[in-house]
Amino acid sequence: MMDIRCEINGRVHDLTVGASERLVDMLRDRLGLAGTKEGCGIGECGACTVLLDGTPVASCLVLAAQADGHRILTIEGLAAPDGTLHPVQQAFIDAGAIQCGFCTPAMVLCAYALLSNTLEPSEREIRTAISGTLCRCTGYVQIIEAIELAAQRMRQYSQ
Amino acid sequence: MAIQRFMQVGSLDDALQELSVHKEQALLIAGGTDVMPALRSGLYAQKQMVIDLSPLAGKLGNIRHEEDMLHIGPLVTHSRIMEDPVIREFLPILAQASAHVGSPQIRNRGTIGGNIITLAACADTVVPLLALDAQLVFARVGGVRCVPMASYLDEGETRFDASNEILTDIMIPLPNSNRQGMFLKIARRQAAAKSRMSVAVLTTIAGHRITDARVVVGALMPWPRRVGEAERYMMGKAIGEVDPMKVGALAAELAITVTGQRRSFAYKIPVVQELMRRAVTRVLGTQGEA
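Chains as they are written, first to last, in this note's numbering: chain C, 1 to 159; chain B, 160 to 449.
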């Protein structure tokens, strides 16, 4: 076991984790942040995506101990403290981009990371940004539309 | 899993020291994109501790341009290689290969050092690194060795002593001439899929003649190889004299010689020929216009 300190969704956490414990298990089992899903467990489906220092990573491929000193954002950390959804989350609802919901936290976080870098992404950039996350339901079209909608709304807010 | 300890090291010397003490019991990890699935599947049952190299990113995670040599630290991620302005300008073939690795999530964590060390048959960056005459620097307690990429691959199972040494630098000579390259890959889908086959073609042109040619095939054989026959065929020819299909045929011939006929070759051989034809056509087409 080892002691680590990391910032998760804006709050500093001191945790004791196992030497081979994965970040996805730490988030789900120790912290109850079950919005992060585990799909394949080998980094191919992207369902376990979280942002590590602002960058999308597969949390099944990161040791919990490697998060020491780093900043993690999960889907639970995206809405405002009063519960108001982030524009990306709201756009996913409005565009009908959610069916079973298993990929949604990862898709939303990938979209959020993309829109943190640019509010005018091309469709190609959107497709690339979500290319590491599998969706078995939607056929992706509504997800792409949701991200375009979120970008459009966020451009309006930023003006 | 038998891993009892996790250790982050403060310096390369510390890492080498720990490695020299724990040897086979130590598992080195950086991005973890290859190590983590293997760890879970029980591949590292004999390992007792993890040594995390990621705190060494300040020293081993930089891209440095020194005179006519580019130094890429082994902890540099594929995402950074894709975005680096010097690599994009002078070694675009490497940026292309890194862009084909896994998915954004994998490229944000996975390192070029990991791609070289784990050396899957389908390791994407190894294909251009072979074409680019990359040199690898390995450190151990009390010494370093510098190995050309080609020799590293040819050493087979003995190529790397994971219980004793750490990859510390990838050196790539930068071109000073009209050089064009192309990396192409085929996988079952575009993202997060292993290469079924990949090719790299790199040519230098002077006065409309090919003065240097590198032709590499990846994923078809136990590890990527240069296609010497194809390189000799292209050398010295004028751009218009090269038959791209011939280059593809020579690449296919090498694969069959190395591995023998395989059932999958009914599909792979015509496809690798076509992939090679496209790469050669594009590379020479670009240079023909120049």
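Even for Gly, the Cβ is constructed at its ideal location relative to N, Cα and C.
Between the stretch 178-190 of chain B and the stretch 248-261 of chain B, the count of Cβ pairs shorter than 8 Å is below three; the stretches do not touch.
Met26 (chain C) is outside the set of residues whose beta carbon lies under 7 Å from a beta carbon in chain B.
Arg268 (chain B) and Ala279 (chain B) have their C-alpha atoms spaced approximately 17 Å apart. Scanning chain B for C-beta atoms nearer than 7 Å to the C-beta of Glu44 (chain C) yields Ala351, reported in chain order. Residue range Thr104 to Asn117 is occupied by the alpha helix (DSSP H) that includes Met107 (chain C).
Measuring C-alpha to C-alpha distances from Asp25 (chain C) to each of C:Ile42, C:Ala64, C:Asp82 and C:Arg127 identifies C:Ala64 as the nearest. Listed in chain order, the beta strand (DSSP E) elements of length 3 or more contained wholly in the stretch 317-354 of chain B are 325-332 and 338-346. Membership of Val88 (chain C) in the alpha helix (DSSP H) is indicated by the continuous run Pro87 to Asp94.
Counting along the chain, the unbroken beta strand (DSSP E) around Met2 (chain C) starts and ends at Met2 to Ile8. Those residues of the stretch 199-210 of chain B placed with their C-beta closer than 8 Å to a C-beta in chain C are Arg199, Met208 and Val209, ordered along the chain. Under the 7 Å criterion on CB atoms, Gly217 (chain B) is classed as non-interfacial with respect to chain C.
Assignment of Ala389 (chain B) by DSSP, reduced to helix, strand and coil, places it in the helix class. For Glu177 (chain B), the uninterrupted alpha helix (DSSP H) segment begins and ends at Leu171 to His181. Contacts with chain B at 7 Å (Cβ-Cβ) do not include Ala150 (chain C). With fewer than 16 neighbouring CB atoms inside 10 Å of its own CB, Asn335 (chain B) falls in the exposed class. For Ser213 (chain B), the residues of chain C that pass the 7 Å Cβ criterion are Gln66, in the order they occur in the chain.
Runs of the beta strand (DSSP E) lying entirely within the stretch 356-443 of chain B, each at least 3 residues long, are 368-377 in chain order. Burial check for Lys427 (chain B): the Cβ neighbour count within 10 Å reaches 16 or more, so the residue is buried.
Flagged as an interface residue toward chain C: Gln264 (chain B), by a C-beta distance shorter than 7 Å. When the beta-carbon positions are compared, Ala397 (chain B) and His367 (chain B) come within less than 7 Å of each other. Interface flag for Gly191 (chain B) against chain C is set, since a Cβ pair is found closer than 7 Å.
In this structure, Leu115 (chain C) keeps its C-beta atom at 7 Å or more from the C-beta atom of Thr74 (chain C). Three or more Cβ pairs closer than 8 Å define a contact, and the stretch 282-295 of chain B meets that threshold against the stretch 241-253 of chain B.
Ranked by Cα distance from Thr55 (chain C), the first of B:Gln205, B:Pro263 and B:Ala174 is B:Pro263.
Closest option to Ser170 (chain B), judged by alpha-carbon separation, among B:Gly272, B:Thr363, B:Val376 and B:Ser213: B:Ser213. Residue-level contact check: Asn267 (chain B) touches chain C, since one or more beta carbons of chain C fall below 7 Å from its beta carbon. In this structure, DSSP gives Gln294 (chain B) an extended state, which the three-state scheme calls strand. In the DSSP annotation of this structure, the continuous segment of the alpha helix (DSSP H) that includes Val245 (chain B) starts and ends at Pro244 to Phe249. The continuous stretches of beta strand (DSSP E) do not include Met26 (chain C), and DSSP gives it neither H nor E. Boundaries of the alpha helix (DSSP H) harbouring Glu125 (chain C): Glu123 to Ala129, taken from the DSSP string. In the structure shown, Leu288 (chain B) adopts helical secondary structure according to DSSP, grouped into three states.
For Pro56 (chain C), DSSP records a beta bridge to C:Leu51.
For Ser131 (chain C), the neighbours in chain B by C-beta distance under 8 Å run, in chain order, Ser262, Pro263, Gln349, Ala350 and Ala351.
With a minimum length of 3 residues, the unbroken runs of beta strand (DSSP E) contained wholly in the stretch 179-244 of chain B fall at 185-188, 208-211, 222-225 and 228-231. According to DSSP, Gly39 (chain C) shares a beta bridge with no other residue. Annotation: the continuous beta strand (DSSP E) that includes Leu15 (chain C) extends over Arg11 to Val17.
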